[in-house]
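Residue numbers (full-length UniProt numbering): 1 to 205. Working notes for the structure below.
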């Protein structure tokens, strides 16, 4: 969704949730203090309570509205979910991961027919530019699900999905470990703000 249209949609949702008319002080103040979608999606109750006219009830309403906005951005999930290409993974995870302000390392576990086993699992939550993960963490979770293969995904809060040298080194370690364990690492995707890079497509794994 275009960022301008996205902000407009969120503004309408907030207005309805708070029973405020367009151009009201509270809605305008929210967008003045948190001008980007990423900031709005990660706003805290403490931050909201500093706005005049926002008490605990309204703060919870705003947070619930942001959670609703995230859910509305998710694609409809058919059962079983089949992952055929990088875009399938991106469509599933981008709606939520693009707004995260810390790096999250997520794994998707697949069976022999590339059906998604359960839900994607967040294995590590890090800082603005680093999420610590080890091959042991990834393959312990894969073996637990009897997965035939795994797709690794992490976000760059900066919005730039260009893989770092650390991303490339980790991917190579995961591929090597997967060969030993018997679980294929199909891809490692880096998500930015609406964009992504596939290390497989770039020949980096």
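For every residue, glycine included, the Cβ atom is placed at its ideal position computed from N, Cα and C. Quantities reported herein were computed from a predicted structural model and do not represent experimental measurements.
Span separating the alpha-carbon of residue i from that of residue j
i           : j           : result
residue 170 : residue 119 : 23 Å
residue 153 : residue 92  : 11 Å
residue 127 : residue 43  : 17 Å
residue 188 : residue 172 : 10 Å
residue 167 : residue 69  : 30 Å
residue 165 : residue 52  : 46 Å
residue 202 : residue 190 : 12 Å
residue 107 : residue 36  : 27 Å
Exposed unless 16 or more other CB atoms sit within 10 angstroms - verdict on residue i
i           : result
residue 163 : buried
residue 142 : buried
residue 182 : exposed
residue 49  : exposed
residue 82  : exposed
residue 112 : exposed
residue 10  : buried
N-terminal and C-terminal residue of the alpha helix (DSSP H) that residue i is part of
i           : result
residue 139 : 135-144
residue 48  : 45-49
Residues of its chain near residue i, where Cβ-Cβ distance is below 6 Å and the 5 sequence neighbours each way are ignored
i           : result
residue 133 : 105, 123, 124
residue 192 : 156, 159, 160, 161
Pair within 8 Å by beta-carbon distance, residue i and residue j
i           : j           : result
residue 66  : residue 97  : no
residue 138 : residue 186 : no
residue 86  : residue 198 : yes
residue 102 : residue 38  : no
residue 59  : residue 45  : yes
residue 131 : residue 184 : no
Beta-carbon proximity list for residue i, same chain, < 8 Å, skipping 5 on both sides
i          : result
residue 15 : 21, 22, 24, 27
residue 62 : 14, 17, 18, 30, 43, 48, 54
Continuous beta strand (DSSP E) stretch holding residue i: start and end
i           : result
residue 176 : Unbroken run through residue 176 is the alpha helix (DSSP H), 165-181; no beta strand (DSSP E).
residue 125 : 121-125
residue 151 : 149-155
residue 108 : 104-110
Close beta carbons around residue i, own chain, < 7 Å, minus the five adjacent residues each side
i           : result
residue 145 : 109, 117, 118
residue 34  : 40, 43
residue 8   : none
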